[in-house]
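**Student:** Under this note's numbering, think of the first position of the sequence shown as 1216, with each following residue one higher.
Take a look at the following structure, please.
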Amino acid sequence: MSQAAKKTGKVEIKIGGMSCAMCVKAVEDSLGKVPGIEELTVNLATEQAYVTYDESRTGLEAMQRAIESAGYRYLGPAENAAGKETADRAAELRTRLRRIAVGFATGLPLMAVMFLPLHFSFLWRSAMLAFAVPGLVWLGFPIFAAAAQALKNRNLNMDVMYGLGIGVALVSSLLAVLGLLPHEFLFLDTVILLATFLNLGKYLEIRAKGRTSEAIKALMGLQPPTATVVRAGREMEVAVADVRVGDEVVVRPGEKIPVDGRVTGGAGYVDEAMISGEPLPVLKRAGDNVVGGTINKNSVLHFTAAKVGAETLLAQIIQLVKAAQGSKPPVQRLADRVVRVFIPIILAIAVAAFTGWYFIAGQTFLFALTTLISVLVIACPCALGLATPTAVMVGIGRGAELGILIKRGEALEAAGRLTSAVFDKTGTLTAGRPEVSDVVALAGTEDDVLIMAAAAGRNSQHPLSGAIAKAAAGRQLSVPEVRNFDTLEGEGVKASLSGAEIVIGSVPFFERRGVAGVAPALPAVERLQNEGKTIVLVARDGVLAGILALADAMKPAAAEAVAAFRAMGLAAVMITGDNPRSAAVIGRQVGIERIIAQVLPQDKAREVRKLQDAGETVAFVGDGINDAPAMAQADIGIAVGGGTDVAIESGDIVLIRDDLRDAVAAVQLSRKVMGRIRQNLFWAFAYNTALIPLAAGAFYPFLRILLPPEVAGLAMAMSSVTVVTLSLLLKKYVPPAARRD
1216 MSQAAKKTGK VEIKIGGMSC AMCVKAVEDS LGKVPGIEEL TVNLATEQAY
1266 VTYDESRTGL EAMQRAIESA GYRYLGPAEN AAGKETADRA AELRTRLRRI
1316 AVGFATGLPL MAVMFLPLHF SFLWRSAMLA FAVPGLVWLG FPIFAAAAQA
1366 LKNRNLNMDV MYGLGIGVAL VSSLLAVLGL LPHEFLFLDT VILLATFLNL
1416 GKYLEIRAKG RTSEAIKALM GLQPPTATVV RAGREMEVAV ADVRVGDEVV
1466 VRPGEKIPVD GRVTGGAGYV DEAMISGEPL PVLKRAGDNV VGGTINKNSV
1516 LHFTAAKVGA ETLLAQIIQL VKAAQGSKPP VQRLADRVVR VFIPIILAIA
1566 VAAFTGWYFI AGQTFLFALT TLISVLVIAC PCALGLATPT AVMVGIGRGA
1616 ELGILIKRGE ALEAAGRLTS AVFDKTGTLT AGRPEVSDVV ALAGTEDDVL
1666 IMAAAAGRNS QHPLSGAIAK AAAGRQLSVP EVRNFDTLEG EGVKASLSGA
1716 EIVIGSVPFF ERRGVAGVAP ALPAVERLQN EGKTIVLVAR DGVLAGILAL
1766 ADAMKPAAAE AVAAFRAMGL AAVMITGDNP RSAAVIGRQV GIERIIAQVL
1816 PQDKAREVRK LQDAGETVAF VGDGINDAPA MAQADIGIAV GGGTDVAIES
1866 GDIVLIRDDL RDAVAAVQLS RKVMGRIRQN LFWAFAYNTA LIPLAAGAFY
1916 PFLRILLPPE VAGLAMAMSS VTVVTLSLLL KKYVPPAARR D
């Protein structure tokens, strides 16, 4: 198969039946054997597989077979399973709640009976078994069925561990009922309560995991289901999916704008808080852009649909957040390695505890059996498996709510290692809209100088040419056509105007060309440069005719953002194509001391690499368009957006708002998420490190404490809930830099 014929596809597959991190491993191993799968991540928190594959070699049918052969349910692509997933979750919660009620109603009376001073005759034991049977069947059968399925697929997961623990207790109880073991071995209450606590833990975990995806649900809820379009001269209501590019769309007051477009009729205020974060509505008139998901406040607007379906800004944000929530930061590799060997080790500890206490320490069979059951049910790799993905899901979702789009899990971890924040100047620290502030005529009048510069630069795409043309238009000057336009070495342009050669460019460029009259003008140039202005020289037939000074306004929050980065211990660096003097002025205004000036756009990545070679971990903050190579080179690329113009493809972190404080907030949020992941992993490891020895009876010789199996089961159930709950606390986190008090 030729490389040209290869077509790469991406799909998110919803999977049912995963209960712990070992299930993730089983699905990854099975899917990983399918030919044509290039990248694969299975996420326990989202219960999804994120697959990149070669469409010429495999497809969804092969993936479905792989998932089902591993013993799990294939629910189809995530976008098609959303409604089914919600219904399934609600049904499962109802079922588990009923099982919990039955479990406590059965298990607690059985436990109470065990404390009564009774003679446990065969009749009593049989009555207890008869009372327990309905609960044993309804609560226990799903556990044993799941364990059997896992063993069939050679997967040692938590279903197997719990099934073993409950199974040992159940066999012991049956033997005690038959009189083959003393009544102390009646673990009927333990069996029921173990199954009840498992259902309680899963119930709480499912509810909590459902809340981790609330950010995505909120984003999806921003888009209205229908839109009003004008076709064949009349208004009609259609599904949003049926809106076509070029359709005339009508939005009435209070309605959500369904797709992205440009206003053609009407004027009114639109609430764009979801894009800009600004609480005040924005006035929209003919020619202005509108974004799907924003709210029309007070008048009827007509606009032409420009982006529909997956091309809208809202759809791109939703897709980006979903993909990012499924990514794994490198820190998860530690948990993955532990999980792969966890259950075999626990089985060995359980057998060793039983053997040691019964055959070596001489304890009773009941004592040894209790330690065996407790170790089997208390060990929990689930918390390890959920520690990272739940925090990533909630953290990235929280970022989306704040207008911070974190595109991959690796960026979260890299944020904790940053040592330098590198800023582009134009469009990042400054507004990127330079204006002519001074015109110095050395030959002719100021208007003559402006006309020559505007005429020579009218075919140039350089932003300074646009500023010069705007200045000429502001003076109502007539700018003539030129001939023989040419770009010179990427640093200037020339053209023929009325038979004369007009050249515009920078001071070093003119000095190298030997333009006459530059030396006497240098004092004026230096004065303007000391004011932080960019200088453009204009020459006519090889003689300097005038000087143009252009100033770019500083962004309001630039200095505050730089100060915040420095307060976090990061060195601030500015890279610019400006001359050193102008760059130094800007640097002083925002608080940046290290400045790398006169760097061409294509060389910015090289300067970032030099910093990395010197041992720096670099975040590059740029406008997301011209700075793409530097962002790709940096450890983290942060693209500063501009509302509707946000470049989703740029950077590892994309800021929807044009506010540099959000760059600081992005790093603060990333560090907070990583801190929560480490906290989760600590508790998961600490839980197992402390409670497994307790369950095995390691503290019994000193403290005379032996953990009952039902208490061990409750502890196991709550460990995963604790980790998910800690992750959910991120939903309320507001980075200090994002507070606009």
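All residues carry an ideal CB built from backbone N, CA and C; glycine is no exception.
(1) For G1659, is the classification buried or exposed, using 16 other Cβ atoms within 10 angstroms of its Cβ as the cut-off for buried?
(2) Kindly indicate which three-state DSSP category F1897 falls into: helix, strand or coil?
(3) Are the CB atoms of T1605 and A1550 nearer to each other than 8 Å?
(4) Measure the Cβ-Cβ separation of A1851 and I1868 and say whether it is below 8 Å.
(5) Going by DSSP, name the residue or residues bridged to I1421.
(6) Give the single residue among M1435, A1488, V1718, G1350 whose Cα lies nearest to the Cα of T1509.
(7) CB-CB under 7 Å to S1514, same chain, minus the five flanking residues each way: which ones, in chain order?
(8) Only counting the same chain, and skipping five residues up and downstream in sequence, which positions put a Cβ closer than 7 Å to that of L1415?
(9) Measuring alpha carbon to alpha carbon, tell me which residue in L1665, F1700, I1611 is nearest S1693.
(10) Run through DSSP, which three-state label would T1859 get?
(11) Would you check if there are 3 or more beta carbon pairs closer than 8 Å linking the region 1872 to 1892 to the region 1948 to 1955?
(12) Once you ignore the five residues that flank L1259 on each side, which residues in its own chain have a CB closer than 7 Å to its CB?
(13) By DSSP's criteria, Y1268 is part of a beta bridge. Which residues make up the other side?
(14) Would you call G1928 buried or exposed, if buried means 16 or more other Cβ atoms sit within 10 Å of its Cβ?
(15) Out of L1562, L1390, R1755, E1726, point me to the one whose CA is closest to A1715's CA.
(16) Assuming V1722 and G1707 form a contact by the criterion Cβ under 8 Å, report the distance between their Cβ atoms to the nearest whole angstrom.
(17) Does the distance from the C-beta atom of A1302 to that of I1228 stay below 8 Å?
(18) Could you name the residues that DSSP lists as bridge partners for Y1289?
(19) Provide the residue(s) that pair with D1639 in DSSP beta bridges, ordered along the chain.
(20) What are the residues that DSSP puts in a beta bridge with L1712?
(21) What residue from V1464, I1560, E1470, P1545 has the CA that sits closest to A1521's CA?
(22) Looking only at DSSP bridge pairs, what is H1517 linked to?
(23) Tell me which residues share the same chain as V1938 and place their Cβ nearer than 7 Å to its Cβ, disregarding the 5 neighbours each side in the sequence.
(24) Keeping to the same chain, check which residues put their C-beta closer than 6 Å to that of A1768; ignore five residues upstream and five downstream.
(25) With respect to the alpha helix (DSSP H) encompassing R1632, which residues constitute its N-terminal and C-terminal limits?
(26) Taking the alpha-carbon of T1634 as reference, which of R1280, A1829, R1309, L1331 has the nearest alpha-carbon?
(27) List the endpoints of the continuous beta strand (DSSP E) containing D1503.
(28) Just the Cα atoms here: how many angstroms apart are R1552 and S1934?
(29) Under a three-way DSSP split, which group does V1751 fall into?
(30) Once you ignore the five residues that flank L1434 on each side, which residues in its own chain have a CB closer than 6 Å to its CB?
(31) Have a look at G1732 and D1663 and give me their C-alpha separation to the nearest angstrom.
(32) Have a look at V1751, D1244, I1621 and flag the residue whose alpha-carbon is nearest the alpha-carbon of I1853.
(33) Count the other CB atoms, across all protein chains shown, that sit within 10 Å of the CB of F1574; report buried if there are 16 or more and exposed otherwise.
(34) By the three-class DSSP mapping on this structure, what secondary structure does E1452 have?
(35) Nearest-angstrom Cα distance between S1217 and S1271?
(36) I'd like to confirm something about A1345: is its beta-carbon nearer than 7 Å to some heavy atom of the ligand FMN, or not?
**Tutor:** Judging by the given coordinates:
(1) The residue you call residue 1659 lines up with position 444 of the sequence shown. By the 10 Å Cβ count, G1659 comes out exposed.
(2) To locate residue 1897, count along the sequence shown from 1; it is residue 682. Three-state result, F1897: helix.
(3) Counting from one through the sequence shown, the residue named residue 1605 turns up at place 390. Counting from one through the sequence shown, the residue named residue 1550 turns up at place 335. Result no, Cβ atoms of T1605 and A1550 do not sit closer than 8 Å.
(4) Taking the sequence shown and counting its residues from 1, one reaches residue 1851 at position 636. Taking the sequence shown and counting its residues from 1, one reaches residue 1868 at position 653. Looking at the sequence provided, one finds Ile at residue 1851 rather than Ala. In contact: I1851 and I1868 (Cβ atoms closer than 8 Å).
(5) In the sequence shown, residue 1421 corresponds to position 206, counting from 1. In the DSSP output, where bridge partners are listed per residue, I1421 has none listed.
(6) By 1-based counting over the sequence shown, the position of residue 1509 is 294. For T1509, the nearest C-alpha among the options comes from A1488.
(7) Counting from one through the sequence shown, the residue named residue 1514 turns up at place 299. Closer than 7 Å at Cβ, skipping near neighbours: P1468, G1481, A1482, G1483.
(8) The sequence position of residue 1415 within the sequence shown is 200, counting from 1. Around L1415: I1315, A1932.
(9) For this step, residue 1693 is matched to residue 478 along the sequence shown. Comparing C-alpha distances from S1693 to each of L1665, F1700, I1611 shows the shortest one belongs to L1665.
(10) For this step, residue 1859 is matched to residue 644 along the sequence shown. The predicted model places T1859 with a pLDDT of 48, which falls under 50 and marks its position as unreliable; any figure quoted below should be read in that light. Note: T1859 maps to helix in three-state DSSP.
(11) They touch, by the three-pair rule.
(12) Reading the sequence shown from its first residue, position 44 is the one you call residue 1259. Correct list, in chain order: M1233, A1236, V1239, G1600, L1601, P1604.
(13) Stepping through the sequence shown from its first residue, residue 1268 is reached at position 53. In DSSP, Y1268 forms a bridge with G1224, I1252.
(14) Start at 1 with the first residue of the sequence shown, and residue 1928 comes out as number 713. A residue is called buried when at least 16 other Cβ atoms come within 10 angstroms of its Cβ; G1928 meets this threshold and is buried.
(15) To locate residue 1715, count along the sequence shown from 1; it is residue 500. Of the candidates L1562, L1390, R1755, E1726, R1755 places its Cα closest to the Cα of A1715.
(16) Position 507 of the sequence shown, counted from the first residue, corresponds to residue 1722. Position 492 of the sequence shown, counted from the first residue, corresponds to residue 1707. In fact, because the Cβ distance is near 11 Å, the residues do not count as touching under 8 Å.
(17) Locating residue 1302 in the sequence shown gives position 87, counting from the first residue. Locating residue 1228 in the sequence shown gives position 13, counting from the first residue. No, Cβ-Cβ distance for A1302 and I1228 is not below 8 Å.
(18) Along the sequence shown, one-based indexing puts residue 1289 at 74. The partner list for Y1289 (beta bridge, DSSP) reads I1230.
(19) For this step, residue 1639 is matched to residue 424 along the sequence shown. In the DSSP output, where bridge partners are listed per residue, D1639 has I1790.
(20) On the sequence shown, residue 1712 is found 497 positions in, with the first residue counted as 1. Per DSSP, A1715.
(21) By one-based count along the sequence shown, residue 1521 stands at place 306. In this structure, V1464 is the residue among V1464, I1560, E1470, P1545 with its C-alpha nearest to the C-alpha of A1521.
(22) In the sequence shown, counting from the first residue as 1, residue 1517 sits at position 302. BP columns for H1517 point to V1465, G1480.
(23) What you label residue 1938 is simply residue 723 of the sequence shown in a count that begins at 1. Hits under 7 Å: A1598, L1601, A1602, T1605, N1895, W1898, A1899.
(24) Taking the first residue of the sequence shown as position 1, residue 1768 is located at position 553. Only A1646 meet the Cβ criterion.
(25) Residue mapping note: residue 1632 aligns to position 417 of the sequence shown, counting from 1. Run containing R1632: none; DSSP gives neither H nor E here.
(26) If you number the sequence shown from 1, residue 1634 lands on position 419. Comparing C-alpha distances from T1634 to each of R1280, A1829, R1309, L1331 shows the shortest one belongs to A1829.
(27) Translated into the one-based positions of the sequence shown, residue 1503 becomes position 288. Where D1503 is concerned, there is no enclosing beta strand (DSSP E), given that its DSSP letter is neither H nor E.
(28) Within the sequence shown, residue 1552 is the residue found at index 337, counting from 1. Within the sequence shown, residue 1934 is the residue found at index 719, counting from 1. Roughly 19 Å separates the two Cα atoms.
(29) Translated into the one-based positions of the sequence shown, residue 1751 becomes position 536. The answer is strand: DSSP assigns V1751 an E or B state.
(30) For this step, residue 1434 is matched to residue 219 along the sequence shown. Here the set comprises I1533.
(31) Start at 1 with the first residue of the sequence shown, and residue 1732 comes out as number 517. Start at 1 with the first residue of the sequence shown, and residue 1663 comes out as number 448. The straight-line gap from Cα to Cα measures roughly 17 Å.
(32) Taking the first residue of the sequence shown as 1, we reach residue 1853 at position 638. Ranking V1751, D1244, I1621 by Cα distance to I1853 puts I1621 first.
(33) Along the sequence shown, one-based indexing puts residue 1574 at 359. Label assigned to F1574: exposed.
(34) Along the sequence shown, read from residue 1 onward, the residue named residue 1452 stands at position 237. Strand at E1452.
(35) Here the question's residue 1217 lines up with position 2 in the sequence shown. Here the question's residue 1271 lines up with position 56 in the sequence shown. Low confidence applies here, because S1217 scores a pLDDT of 46, under 50, leaving its location unreliable; read the following figure in that light. When rounded, the distance between both Cα atoms is 11 Å.
(36) Ligands displayed in this structure: none; no statement on the ligand FMN is therefore possible.
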